[in-house]
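Going by my numbering, the first residue of the sequence shown is number 206, and it counts up by one from there.
Glycine residues also receive a C-beta, built at the ideal position from the N, C-alpha and C atoms.
Here the structure is laid out as structure tokens; the discussion comes afterwards.
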Amino acid sequence: MKMWSGRFRQPLDSEFERWQRSFDFDRRLLRYELAASATHARALKNAGVLSADELISILQGLEQIGERAASEPSFLDDGEAEDVHHFVEKQLAALIGDAGYKLHSGRSRNEQIATDLRLFVRATIDHLRHDLGELCCTLIDRAERTGDAAMPAYTHLQKAEPVLVAHWLLAYVEMFLRDAGRLADCRKRLNVCPLGSGAVAGATLALDRGFMAETLGFHRPTANSIDATSDRDFALEFANVLSLVSLHLSRWAEETILFSSQEYGFLELPEAYSTGSSAMPQKKNPDLLELVRGKCGRILGNATALMVSVKSLPLAYNKDLQETQEPLFDSAATLLAMLPLVAGWIKSVEFHSERMNQVAQSGFMNAWAAATYLVRRGVPSRLAHERIGKAIQICVERNCELQDLPLHELQSVSPAFSQDFYDSLTLASVLEMHDVPGGTAPARVRQAIDAARKRIESLREEVHAHETHAHA
Ligand code: ARG
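Laid out in structure tokens, this is it:
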């Protein structure tokens with residue numbers, strides 16, 4: 206039986222009927238639909254609309270639907286179900302008879318889809334926060350294992366200053382921890398329960414909304430039924446956070462692709478995550494990295510699609526909102542599949558530490574440290590900068606580094622130079638010099654590793670607490 210055919214004299218155009226269905230994709234929400242329906246059924250019983258026996262058979266029916274869907278995928282091949290809500294009602298009536306049709310008393314699919322989607326986004330946030338934590342943990346492990354190994358850091362993609370490889374890896378940890386924080390913020394705002402909002406004006410039966418919210422693990426019921434049935438801010442916010450995650454991943458992928466090229470030669474692509482060329486026998490290509498970079502496009506596209514679908518929609522529910530589901534599911538699935546692979550790649554990659562170390566010591570990467578030497582001897586910074594620039598000019602002409610210039614020559618550039626200048630130019634002292642919180646001095650980086658580990662620990666605890674309180 207359709208959910209709405211009473212006032213219609215003609216059947217739907219069959220092509221339109223197929224085209225407007227959402228069950229092909231909203232079946233993804235079945236477990237949330239079942240949890241929300243069980244909660245609604247309990248509220249109906251408390252409101253005196255269902256008898257105790259009817260409640261029991263509805264709850265058993267819902268459970269059976271969930272079990273069958275899990276064990277028998279073809280159960281979901283239902284050519285008649287308009288959407289996941291219709292599917293559940295149909296199957297419930299098939300299992301328990303007319304009592305099944307009592308479940309929809311006082312509720313509307315508009316509040317149901319709003320609730321199911323919130324539950325879906327909430328569960329996905331928990332999953333993603335877990336995976337981001339694991340990814341960060343992998344980065345921190347690698348950072349710890351690289352010890353005091355150095356590499357060049359770039360600005361404008363030109364050689365700038367040496368840094369620890371660990372410092373570079375921890376930069377990505379910062380990005381992903383910010384993302385995990387954004388997901389937590391999004392979770393806080395979304396965790397309110399639309400059940401009891403009805404179609405637009407509120408439920409037509411005196412349902413205990415506080416009870417329903419609490420049963421599903423929400424903080425409280427939504428405050429306004431018009432907003433609750435039309436709001437998709439949580440989905441948009443979530444999709445935009447995922448855009449940032451994928452954007453961070455794409456920056457990592459791009460930089461890593463560059464570093465894997467023969468010209469940089471900083472790392473060896475793991476064979477388990479690379480492919481060859483069907484034509485050129487020598488090739489090993491960074492496929493994982495390229496796909497990570499490429500998938501950023503669809504995740505950004507999905508966020509845009511969501512925003513444009515909702516833009517200018519009058520209140521309250523409009524069928525346009527059905528279009529918010531697929532981009533949402535696609536972004537979630539794309540990232541969930543990608544994060545463990547990225548962690549696997551990072552575990553397997555091999556750094557060419559010697560090469561990185563050598564490149565970290567050439568191309569005047571110690572020039573700022575050299576200028577700082579003069580500043581410490583009282584030379585005004587602007588002048589020191591200019592003097593070192595002069596010395597570099599000489600080096601460029603002779604194709605050598607600052608430390609290769611003899612002292613007398615340096616002294617003709619500035620009388621402030623003396624023998625200890627050479628000590629301040631070594632890789633170790635250049636690294637050491639950046640001795641501020643957040644800087645690359647080895648002791649600071651070791652502290653940063655410890656601090657990052659603590660943050661991962663609290664992230665894990667938060668995710669775990671949500672898991673144990675999860676109701677759907
Ligand atoms: N499949 C619909 C959606 O995803 C469910 C809500 C339908 N509501 C309605 N009034 N037709 O939005």
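- A straight line joining the alpha-carbon of ALA404 with that of GLU259 spans about 24 Å.
- Rounded to the nearest angstrom, the gap between the Cα atoms of VAL497 and ASP321 is 29 Å.
- Pairwise C-beta distances place the region 445-460 out of contact with the region 412-430, as fewer than three of them are shorter than 8 Å.
- If you check the CB distance, VAL254 and SER219 do not come in under 8 Å.
- As the crow flies, the alpha-carbon of ALA574 is around 32 Å from that of THR343.
- Here DSSP, grouped into helix, strand and coil, assigns LEU369 to strand.
- Using a C-beta cut-off of 8 Å, the region 533-543 makes no contact with the region 472-479, since fewer than three inter-stretch Cβ pairs fall below that distance.
- Put simply, of THR427, VAL668, LEU511 the residue whose alpha carbon is nearest the alpha carbon of GLU316 is THR427.
- The region 524-598 is shown to contain whole alpha helix (DSSP H) runs of 4 or more residues at 530-553, 558-564, 572-581, in chain order.
- With a 10 Å radius around the Cβ and a threshold of 16 neighbouring Cβ atoms, VAL513 comes out exposed.
- Between ligand 1 and the CB of ASP288, the shortest heavy atom gap is smaller than 7 Å.
- Here LYS295 is buried. Its C-beta has 16 or more other C-beta atoms within 10 Å.
- Residue nearest to HIS669 within the set ILE263, ASP331, HIS590 is ASP331 (criterion: CA-CA distance).
- At least one heavy atom of ligand 1 falls within 7 Å of the beta-carbon of LYS524.
- Around the Cβ of VAL641, a 10 Å sphere holds fewer than 16 other Cβ atoms; the residue is exposed.
- Annotation for TYR237: the continuous alpha helix (DSSP H) segment containing it runs 235-251.
- At a cut-off of 3 residues, the continuous stretches assigned as beta strand (DSSP E) that sit fully inside the region 304-388 are 355-360, 363-369.
- Counted as a single uninterrupted DSSP element, the alpha helix (DSSP H) harbouring PHE221 occupies residues 219-225.
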